[in-house]
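Working notes, beginning with the structure itself.
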Amino acid sequence: MTNGLLSIKNLVKHFDISGGFLDQLFIEKGKVVRKQTTVKAVNNVSFTILAGETFSVVGESGCGKSTLARTVMGLYPPQSGEIRYRDERIDDLTPQQMLPYRSKMQMIFQDPYASLNPRMTVRQALEEPVVFHNRNIPRTAVKEKVAQVMAQVGLDPAWMGRYPHEFSGGQRQRISIARALAVDPEFIVADEPISALDVSIQAQILNLMMDAQDERGLTYMFITHDLSVVEHVSTRVAVMYLGTLCELAPAAELFESPRHPYTRALLSAIPNLGEKKPHIKLLGEIPTPIHLPPGCVFHGRCIHANDRCRAEIPELKPVASGTHIACHGAEEGRL
Ligand code: SF4
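To get this note's numbering, take the position in the sequence shown, counting from 1, and add 1386.
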């Protein structure tokens, strides 16, 4: 795609949680065997995020969406696969080589209190990234920049001498957003940016993020489990289940006619005061990412599963303009 800003290809991120050598030893049939335990958090995920769009990644807790976000940002090294930014490969760069991308790619975290240093004033917290990425910037220009981003996120610049604990949760998230904006990024990964906030201020923070996108031409990768939020802010939506993508579609299409059985079940669970839609119940429990099921990872919970689903991993394939799903049932016309 010509205007692809960030693309990932066959990205894999696993975590070895085996512990020490002795923790890995087990007795089986009278013999000592060594077993390693791996959490398969992200498995073979590919997509391209276009410049200027809001690309949302949704799924239940533990589906791997936050790990995916952190891997994209270089906070976790991937097991395999590629990450490209403006067509330059960035997953194999050294920290020094990554520096020019660090200011272009910023992250907003779920808990604004944990992501801010309690011993730093707002001014110090906002000055730090500005000075880090612009070593020769004059002091007056730094202070002006801090005042400017504070004003942009709706905080009075007169409060720059205050500490994080002197602010409400919503104001602290505004400070986190200001810290991300202070280095003039192009791409922001927002990992559950409103989940820790009161419902009454969630809309304010979302509006602030959307206004900043309009003013600065930002591209967002938005990570959330809250589908009612996704519908209003997203350009496209990727649905994740057990570390794999099951559906990727323009937001309007996804909410109008979800195609993957898991997406249908997720959407049917959104509380709706208007038209009453039947709630689709899923079979069983989510399997552990330590022991991924063979074939389609969703087969144990899907009423459409057949022998092929239990044996063969479905690929993400285009089914309509802009819509891709990974489902044998859809391909075979069984849904
Ligand atoms: Fe269900 Fe089979 Fe489609 Fe998986 S591939 S979602 S098990 S129909």
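Each residue gets a CB set at the ideal place from its N, CA and C atoms; glycine is no exception.
As assigned by DSSP and simplified to three states, the class of residue i
i: K1415; result: coil
i: M1387; result: Note that M1387 scores 45 on pLDDT, short of 50, meaning its location in the model is unreliable; the coordinates nonetheless yield the value given after this. Of the three classes helix, strand and coil, the one that applies to M1387 here is coil, per DSSP.
i: H1677; result: coil
i: V1572; result: Note on residue identity: the sequence assigns Glu, not Val, to residue 1572. Note: E1572 maps to coil in three-state DSSP.
i: C1727; result: The structure shown does not extend to residue 1727, since the chain spans only 1387 to 1721, so no value can be given for it.
i: K1421; result: coil
i: H1400; result: strand
i: R1470; result: strand
i: R1645; result: coil
i: M1493; result: strand
i: R1560; result: helix
i: K1426; result: strand
i: R1694; result: helix
i: M1506; result: coil
i: G1715; result: helix
i: S1654; result: helix
i: D1542; result: coil
i: R1548; result: coil
i: T1453; result: helix
i: I1591; result: helix
Alpha-carbon to alpha-carbon, residue j and residue i
i: F1553; j: M1546; result: 11 Å
i: V1705; j: I1711; result: 7 Å
i: K1415; j: K1421; result: 14 Å
i: K1395; j: P1543; result: 42 Å
i: L1567; j: R1472; result: 20 Å
i: G1629; j: D1577; result: 16 Å
i: A1624; j: P1524; result: 43 Å
i: M1387; j: L1634; result: Residue confidence is low: M1387 scores 45 on pLDDT, short of 50, so the model does not pin down where it sits. Its coordinate-derived value is still stated next. Each residue's Cα considered, the two are about 16 Å apart.
i: G1450; j: T1526; result: 43 Å
i: I1656; j: I1676; result: 29 Å
i: D1597; j: V1428; result: 32 Å
i: K1529; j: R1509; result: 8 Å
i: P1673; j: L1436; result: 32 Å
i: A1537; j: L1653; result: 37 Å
i: Q1599; j: S1620; result: 12 Å
i: F1495; j: P1579; result: 6 Å
i: L1583; j: G1556; result: 6 Å
i: T1440; j: R1622; result: 7 Å
i: L1408; j: H1551; result: 44 Å
i: V1487; j: D1693; result: For clarity, residue 1487 is Tyr in the given sequence; the question names Val instead. Approximately 46 Å, taken between the alpha carbons.
i: C1695; j: G1681; result: 6 Å
i: G1708; j: L1702; result: 12 Å
i: A1481; j: L1592; result: At residue 1481 the sequence reads Pro, which differs from the Ala that was named. Answer to the nearest angstrom: the Cα atoms are 32 Å apart.
i: L1640; j: C1632; result: 12 Å
Cβ shell of residue i (< 6 Å), same chain only, five flanking positions each side left out
i: F1412; result: V1419, K1421
i: T1424; result: H1400, D1402
i: S1614; result: I1656
Residues that residue i bridges to, as DSSP identifies them
i: A1706; result: T1709
i: T1610; result: V1444
i: D1577; result: I1609
i: T1434; result: S1393
i: A1624; result: V1443, L1634
i: R1475; result: R1470
7 Å CB neighbourhood of residue i in its chain, flanking five on each side removed
i: Y1627; result: G1445, C1449, Y1648, V1683, F1684
i: H1690; result: P1647, G1715, R1720, L1721
i: K1426; result: H1400, G1629, P1675, L1678
i: D1497; result: A1582
i: G1670; result: G1686, R1687
Residue i Cβ short of 7 Å to ligand 2 heavy atom set
i: M1484; result: In terms of ligand content, the structure shown lacks ligand 2 and carries ligand 1 instead.
Own chain, CB closer than 8 Å to residue i, minus 5 neighbours either side, in chain order
i: V1539; result: R1560, I1561, I1563, A1564, L1567, L1594, A1598
Which residues have a Cβ closer than 5 Å to any heavy atom of ligand 1, listed in chain order?
-> Those residues having their beta-carbon less than 5 Å away from any non-hydrogen atom of ligand 1 are, in chain order, P1647, C1682, F1684, H1685, C1688, H1690, A1691, C1695, P1700, C1713, H1714, G1715.
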